[in-house]
Structure formats: structure tokens, C-alpha cells
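Residue numbers (full-length UniProt numbering): 1 to 387. C-beta atoms are modelled at their ideal positions from N, C-alpha and C, and glycine is treated no differently. See structure below.
In C-alpha cells:
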């Protein structure tokens with residue numbers, strides 16, 4: 001970058017790079033099953049990626065193709081071609097591009113003094129596109145460029161150029177790639193994964209693995225053959241109005257069931273689910289210390305919340321993990337091997353769907369591991385007579 005460009009940055013060490021770095025320039029995207037990513041990264045972030053244990057490693061792909069891309073009420077969408085279960089691996093894909101979600105340009109912004117807010121915004125967006133994003137785009141091979149430009153763009157009227165508009169419409173947060181600067185998040189654009197539509201009751205989740213520099217998509221609940229697969233672009237436990245405000249940046253007006261027509265009941269359930277997490281530990285401690293409470297006291301509490309989770313189709317939410325863990329912990333405390341393993345497996349599958357790693361699944365469905373926990377059998381079963 002030249003000095004004029006560098007002067008506009010809080011960090012003046014932005015770097016264009018290709019990851020993983022051992023790609024072959026003459027190979028087309030369709031010829032390389034692993035793919036590669038063109039990146040604009042701050043130097044400290046790039047250094048962190050390069051020093052990540054295991055980087056670069058080959059992506060882990062699903063055993064078989066289990067989806068198709070086809071027409072949806074939202075344009076194009078992803079559909080299951082067989083029945084899927086929680087934790088099933090649907091897709092692995094390296095992004096086409098990864099860029100910061102925000103670039104500070106204080107010197108350029110000062111030169112716009114006296115212009116209206118809309119004029120300032122349009123010129124800043126145009127500068128961002130021309131000076132920083134276009135060079136990254138031009139590093140792609142023609143096939144990757146065509147795939148990128150074929151994605152939807154809902155920001156054609158606000159001053160965003162075609163590259164920035166596509167990033168703003170399709171960009172996924174790269175959760176594990178951040179720097180300590182304010183607004184130091186990064187967004188990724190993928191050829192296939194960006195075809196997946198949003199729902200506030202998602203059926204799948206995406207996760208980013210730094211060593212392989214790739215996204216995985218896994219099912220977070222059962223999905224029937226032919227059913228459209230959805231992910232969530234927002235915090236699904238927030239009220240519908242707050243979700244919609246956030247989704248506006250993607251150009252989305254959400255029409256999923258929890259958002260139409262009256263969101264009051266769904267909002268109340270989701271707020272209660274969020275609050276229920278905070279009560280889990282207190283309920284458990286009360287149950288442990290009070291032998292007069294039924295043996296399934298905390299189990300039934302969490303099972304009731306899980307029923308609400310399934311009513312809202314929120315198995316992808318953190319609330320599901322908390323209540324599955326609460327049930328496992330109760331059965332461990334009771335020394336109930338069968339049910340501890342049963343719910344432990346569900347908890348492990350949830351973790352698999354969120355992390356792409358089987359470590360938790362192997363542990364939580366192992367009776368030996370569960371019986372080795374210090375809280376195994378710590379509550380003595382008490383017989384209760386009907387009142």
C-alpha cells in the first residue's frame with residue numbers, strides 16, 4: 001500500500017494475502033477440491049493465523065453430498081437430499097474472500113467535512129470499495145470472481161459498490177478471526193454457503209476452523225429430505241424487533257414463523273428461555289441440598305424448557321446446551337447410568353454441530369467418563385410417596 005493509503009488506518013499494516021499460502025496460482029477453483037481464500041488482513045491477525053497449531057491443514061469434507069441448491073421463496077436456497085440428524089456434516093467450504101467488516105479512514109473522512117451525511121456515507125463506501133476491496137477481488141481467478149459476483153446484492157442503492165454490496169449482503173462473521181482493535185471483526189463470503197437463507201429458527205449452524213481455514217456446516221436438529229436448510233444471521237433469543245433491526249444490514253425482511261404475524265408469544269418464550277439459563281445453577285444446588293425434593297426435580301424443569309426450545313425450533317441456541325447439560329448433571333448425581341449416557345450423547349451431538357469436533361461426543365457418551373466425574377452418585381435417591 002502507498003503512504004496515502006496507510007495514513008488512513010488505525011493500523012497501517014493491512015496485508016493482501018492468499019490462504020493457505022501454498023496454493024498453485026495456475027490452478028482453477030474448480031480444479032482444487034480444497035480451494036483457497038483471498039484475504040485482506042491486519043498483520044497481527046495474519047501472524048496469529050499462521051502460528052495457529054495445525055495451520056495449514058486439509059479441510060474435512062462430508063462423506064457424501066446431502067444437499068442441493070435450488071429455487072426457494074427467498075430466491076435460491078439449500079435443501080436436504082436425505083434425512084439429516086443433529087450433528088450431521090453437510091458442507092465444508094473455504095471462503096472466496098475474507099475482509100474486515102470495518103476499515104477506519106480518518107484522514108479521508110476529514111476531507112468530507114461540509115458534505116451531508118448521505119454524501120459522506122456514499123463517498124466513504126466508494127473509497128472502501130475502490131481502494132481496499134477491489135485489489136483483493138482482483139487477486140481471485142476469473143472463475144472465483146464470477147462465483148462471487150453471482151451472489152445476491154441488496155445494497156445497490158446506498159452507495160456500496162458491487163464488491164462491498166455483496167460482502168454486506170452475504171458476509172458471514174469469521175468468529176475466530178479477530179484483532180483487539182475496536183470493530184475488529186472479519187467477514188467471509190463463500191460460493192455455496194452464502195446461498196443458505198436465514199431463519200430465526202435455524203436447522204444448521206456454520207463454524208470456522210482456523211487450521212484448515214474453512215467453514216463447516218452441520219445440522220443442529222433433524223432435517224427431513226427435501227426440507228430447506230436454514231442458518232441464523234442473528235441472536236435468535238433476542239426479540240423479533242431487535243432481530244429485524246440487525247438483519248436490515250443484510251437487506252433481509254424476515255418472514256419466518258417467529259417473526260410473523262404476531263411476535264408477542266414467541267418473544268415471551270425466547271426471553272423466558274434466556275432467563276432460564278441463569279436459574280439452572282441455583283435450582284441444581286437447591287435440589288442437591290434438599291432431600292425432600294423429588295429426584296427428577298431439576299430434570300423436569302429442564303425438560304419443560306427443552307419442550308419450549310423444540311416448539312420454537314431453537315435447538316441451535318445456547319439454551320439447548322445449558323438444559324441438556326443440566327439433565328446430564330442431574331442423572332450423573334443420581335448415578336443413573338442409562339439416562340446419563342442417553343442425554344450425554346445428545347449433549348455431545350450438540351457440541352459436534354457447533355464445533356465440528358467429536359471430543360465432547362466421545363466423552364459424554366462414555367459411561368466410564370461419566371462415572372469418573374467427582375459428582376457421580378452424589379445425591380442419594382429418595383423414595384417419595386404420593387401426596
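Report yes if the CB atom of residue 153 is closer than 7 Å to the CB atom of residue 165, and no otherwise. yes
Determine, using beta carbons only, whether residue 217 and residue 91 come nearer to each other than 7 Å. yes
If you compare alpha carbons, which of 114, 162, 101 and 288 is closest to residue 137? Of the residues 114, 162, 101 and 288, the one whose Cα lies closest to the Cα of residue 137 is 162.
Through-space distance from residue 79 to residue 223, alpha-carbon basis: 9 Å
Could you say which of 213, 187, 275 and 262 lies nearest to residue 94 if we only look at CA atoms? 213
Quick one: is residue 111 buried, meaning 16 or more other Cβ sit within 10 Å of its Cβ, or exposed? Under a 10 Å Cβ-count criterion, residue 111 is classified as exposed, with fewer than 16 other Cβ atoms of the shown protein chains found around its own Cβ.
Which residue's Cα is closest to the Cα of residue 229: 74, 53 and 148? It is 74.
Any chance the stretch 292–310 sits against the stretch 241–248, with 3 or more Cβ pairs inside 8 Å? no
Quick check: what's the CA-CA separation for residue 256 versus residue 269? 16 Å
Residues of its chain near residue 116, where Cβ-Cβ distance is below 8 Å and the 5 sequence neighbours each way are ignored: none
Taking Cβ to Cβ, would you say residue 333 is nearer than 7 Å to residue 379? yes
Looking only at DSSP bridge pairs, what is residue 67 linked to? 80
Of the choices 236, 173 and 168, whose alpha-carbon is the least far from that of residue 199? 236
Spatial neighbours of residue 45 in its chain, beta-carbon cut-off 7 Å, leaving aside the 5 residues before and after: 177 and 179
Member of 105, 15, 21 and 226 whose CA lies at the smallest distance from the CA of residue 77: The shortest Cα separation from residue 77 among 105, 15, 21 and 226 belongs to 226.
Anyone know if the C-beta pair for residue 299 and residue 265 falls short of 7 Å? no
Rounded distance between the beta-carbons of residue 241 and residue 219, thought under 8 Å: Actually they are not in contact, since the Cβ atoms of residue 219 and residue 241 sit about 29 Å apart, beyond 8 Å.
Between the CA atoms of residue 40 and residue 13 - distance to the nearest angstrom: 10 Å
Check whether residue 56 and residue 33 have beta carbons under 7 Å apart: no
Please list, in chain order, all residues of the same chain as residue 326 whose beta carbon is under 7 Å from its beta carbon, the five residues on each side excluded. 280, 284, 298 and 302
Between the alpha carbons of residue 358 and residue 344, how many angstroms are there, rounded? 13 Å
Is the separation between the beta-carbon of residue 353 and that of residue 361 shorter than 7 Å? The beta carbons of residue 353 and residue 361 sit no closer together than 7 Å.
Assign residue 388 to one of two classes, buried (16 or more other C-beta atoms within 10 Å of its C-beta) or exposed (fewer than that). There is no way to answer for residue 388, as the model of the chain reaches only from 1 to 387.
Can you tell me which of 118, 275, 61 and 133 puts its alpha carbon nearest to the alpha carbon of residue 17? 133
If I follow the unbroken beta strand (DSSP E) through residue 100, where does it start and stop? 97–100 is the extent of the beta strand (DSSP E) around residue 100.
Are the beta-carbon atoms belonging to residue 175 and residue 215 less than 7 Å from one another? 7 Å or more divides the Cβ of residue 175 from the Cβ of residue 215.
Provide the residue span of the beta strand (DSSP E) that contains residue 208, from first to last. 204–209
Name the one or two DSSP bridge partners that residue 197 has. 230
Which stretch, first to last residue, makes up the beta strand (DSSP E) that contains residue 389? Nothing can be reported for residue 389, as the shown portion of the chain is limited to 1 through 387.
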